[in-house]
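To start, the structure under review is shown below, and the notes come after it.
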Amino acid sequence: MEQIVVDHGHTRDPHRRWIRHTFQEGPGFLFLATRGGRPPKQLAERSELAEIRRRARVLRVAREDGIAAALALGECSRASLFRWQSAHERGGLEALRPLRRGPRVPAAGYPGWTEQVVIAVRLLTYWNSKRISAELRRRQIADVGETWIEALFDRFGTARPSLPREAGPRYERSQPNELWHIDIKGPFFIQLLEHRYLKTWLVGLVDDHSRYVLGLRIQTSSQLAPILIWLRDCIELCGQPLAVMSDNGSPFVVWMPGVLTAFGKTLQEMAIRHIRTQINSPWTNGKIERFWKLLQAEVLDRQVFRSLEEAEEALSRFAAYYNYHRLSGAIGWLTPGERFDGTPFTDRGFENIPALEHLQDWLAQLMRAA
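If you count by the working numbering, then the sequence shown holds residues 2 to 371, one letter each, in order.
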């Protein structure tokens with residue numbers, strides 16, 4: 002039964018943008034920086050004058066106290082010391098100036114339009130340097146390295162240091178359909194009219210090996226019966242798994258040892274093992290928790306739904322994008338569809354990226370003009 006709520010207890014500032022909690026935005030402008038970015042790599046820079054003084058000091062010690070004393074300073078090797086002595090005898094202090102290292106002919110850089118594309122992608126998606134590099138390479142736009150992209154962002158002052166997150170235990174099944182992850186999220190409220198909200202829950206099912214979204218539905222109750230019907234449909238469509246993992250929520254388990262819920266009995270009838278996570282350890286079910294985080298950031302925080310049908314359509318679009326058009330760094334920058342059933346990735350340019358596909362013509366013009 003649908004639950005209509007008059008007031009869900011939360012107030013929202015109408016002037017606040019939906020995604021302002023996570024990214025820096027404002028009316029009419031965007032920032033390249035995101036919250037919690039990695040600190041820039043600090044390159045050890047030594048001034049030319051300081052290097053000349055260091056070499057001259059080593060030569061003075063060698064002249065006054067001998068070669069052994071100069072080498073004991075630990076500033077250079079024996080070959081470097083003799084080379085500096087020979088250079089100083091020929092040209093004085095000027096000859097101690099350090100020469101440029103690296104190839105005599107500078108390596109060719111990336112074309113100018115590549116920088117424009119990287120900045121445009123960053124502004125509209127907030128992807129990190131690894132994802133931008135992988136997406137541009139696999140979509141045959143440009144083969145740019147993540148280090149170059151990081152240097153580009155650092156040049157614009159986009160680094161915002163943060164403490165590294167504590168990593169949880171990692172595991173992965175070797176084949177599709179060995180383990181599925183199921184979870185329920187909610188409640189979420191859809192504003193039908195002013196002061197009238199529809200209370201809903203989201204149910205998701207993710208394959209462990211491929212991260213493929215096997216099913217995603219929104220429902221107006223947290224009852225288990227429609228979930229079991231939906232689960233049977235997913236099994237009929239995608240095949241039967243060896244095991245299904247869930248948390249310890251009331252739809253899946255009960256507090257009495259040895260007593261099965263309808264969910265547990267259904268899995269037992271189908272000879273599917275039911276794996277429960279440890280209490281207070283959401284990272285055990287982390288693959289579907291990660292999917293919820295992506296769904297929140299890319300759909301729920303960016304769109305306003307006025308009906309249940311609008312929400313269902315948006316979830317269906319995102320699931321298709323996630324499975325077949327979004328590369329996953331956890332599986333070697335493949336799409337979940339490539340790992341699950343071998344569906345090839347054929348996107349070129351900005352095809353099938355919701356935030357970028359409107360720039361497809363602009364990208365084509367840049368690449369033709371290059």
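For every residue, glycine included, the Cβ atom is placed at its ideal position computed from N, Cα and C.
Mind checking who residue i pairs with in its DSSP beta bridge?
i      : result
Val255 : Bridge partners of Val255: none, in fact.
Gly216 : Leu206
Gln176 : Looking at the DSSP assignment, Gln176 forms no beta bridge with any residue, so it has no partner.
Trp181 : Asp208 and Val245
Gln192 : Tyr198
Leu335 : Ser329
In this structure, does DSSP put residue i in helix, strand or coil?
i      : result
Trp128 : coil
Tyr376 : The structure shown does not extend to residue 376, since the chain spans only 2 to 371, so no value can be given for it.
His22  : Note that His22 scores 44 on pLDDT, short of 50, meaning its location in the model is unreliable and no value can be drawn from it.
Gly187 : strand
Arg380 : A query on residue 380 cannot be resolved here, the shown segment of the chain reaching from 2 to 371 and no further.
His326 : coil
Ser211 : coil
Trp363 : helix
Gln117 : helix
Pro99  : coil
Met271 : coil
Ala312 : helix
Arg140 : coil
Ile354 : coil
Gly158 : coil
Sorry if obvious, but does the Cβ on residue i come closer than 8 angstroms to a heavy atom of the ligand GTP?
i      : result
Asp155 : Ligands are entirely absent from the displayed structure, and the ligand GTP is therefore not among its contents.
Using the C-alpha atoms, what's the distance from residue j back to residue i?
i      : j      : result
Ala365 : Ser247 : 45 angstroms
Ser134 : Thr267 : 45 angstroms
Ile191 : Leu301 : 11 angstroms
Asn353 : Ala121 : 16 angstroms
Val214 : Tyr325 : 10 angstroms
Glu49  : Arg98  : 7 angstroms
Ala80  : Lys294 : 57 angstroms
Leu137 : Glu290 : 27 angstroms
Leu180 : Ser222 : 26 angstroms
Leu309 : Gly110 : 50 angstroms
Leu72  : Arg64  : 12 angstroms
Leu100 : Gly330 : 40 angstroms
Arg369 : Trp114 : 10 angstroms
Glu173 : Ala143 : 31 angstroms
Val245 : Val145 : 40 angstroms
Glu358 : Gln117 : 16 angstroms
Ile236 : Lys131 : 34 angstroms
Pro177 : Ile280 : 26 angstroms
Ala298 : Ala315 : 13 angstroms
Trp85  : Phe292 : 60 angstroms
Ala371 : Gln141 : 15 angstroms
Pro28  : Gln304 : Any reading at Pro28 must be qualified, since the residue scores a pLDDT of 47, below 50, and its modelled position is unreliable; the value itself is stated next. Their backbone Cα atoms lie some 17 angstroms apart in a straight line.
Gly216 : Pro112 : 42 angstroms
Arg123 : Arg156 : 14 angstroms
Leu261 : Lys288 : 25 angstroms
Leu125 : Phe306 : 21 angstroms
His196 : Val255 : 36 angstroms
Asn51  : Ser282 : In the sequence under discussion, the amino acid at residue 51 is Ala, which differs from the Asn named in the question. Ala51 and Ser282: Cα-Cα distance of roughly 53 angstroms.
Ala70  : Ala88  : 20 angstroms
Phe154 : Trp128 : 12 angstroms
When we look at the beta-carbon of residue i and count the other beta-carbons within 10 Å, is it buried (16 or more) or exposed?
i      : result
His397 : Outside the shown range of the chain (2 to 371) lies residue 397, about which nothing can therefore be said.
Glu90  : exposed
Ile230 : exposed
Leu238 : exposed
Asp209 : buried
Thr372 : The structure shown does not extend to residue 372, since the chain is modelled only from 2 to 371, so the question has no answer here.
Gly205 : buried
Tyr323 : buried
His320 : First, the amino acid is wrong: residue 320 is Ala here, not His. Its Cβ being crowded by 16 or more others within 10 Å, Ala320 is buried.
Val119 : buried
Thr148 : exposed
Ala272 : exposed
Leu194 : exposed
Gly343 : exposed
Gly67  : exposed
Pro170 : exposed
Glu270 : exposed
Gly350 : buried
Kindly give me the distance between the Cβ atoms of residue i and residue j, rounded to whole angstroms, as I take these residues to be in contact under 8 angstroms.
i      : j      : result
Phe264 : Leu225 : 6 angstroms
Arg139 : Trp363 : Wrong, their Cβ atoms sit about 20 angstroms apart, outside the cutoff.
Ser211 : Phe341 : 4 angstroms
Gly187 : Leu199 : That belief does not hold up - the Cβ atoms of Gly187 and Leu199 are roughly 12 angstroms apart, past 8 angstroms.
Leu94  : Ile53  : 6 angstroms
Pro252 : Ile228 : 7 angstroms
Val62  : Cys77  : In fact, because the Cβ distance is near 11 angstroms, the residues do not count as touching under 8 angstroms.
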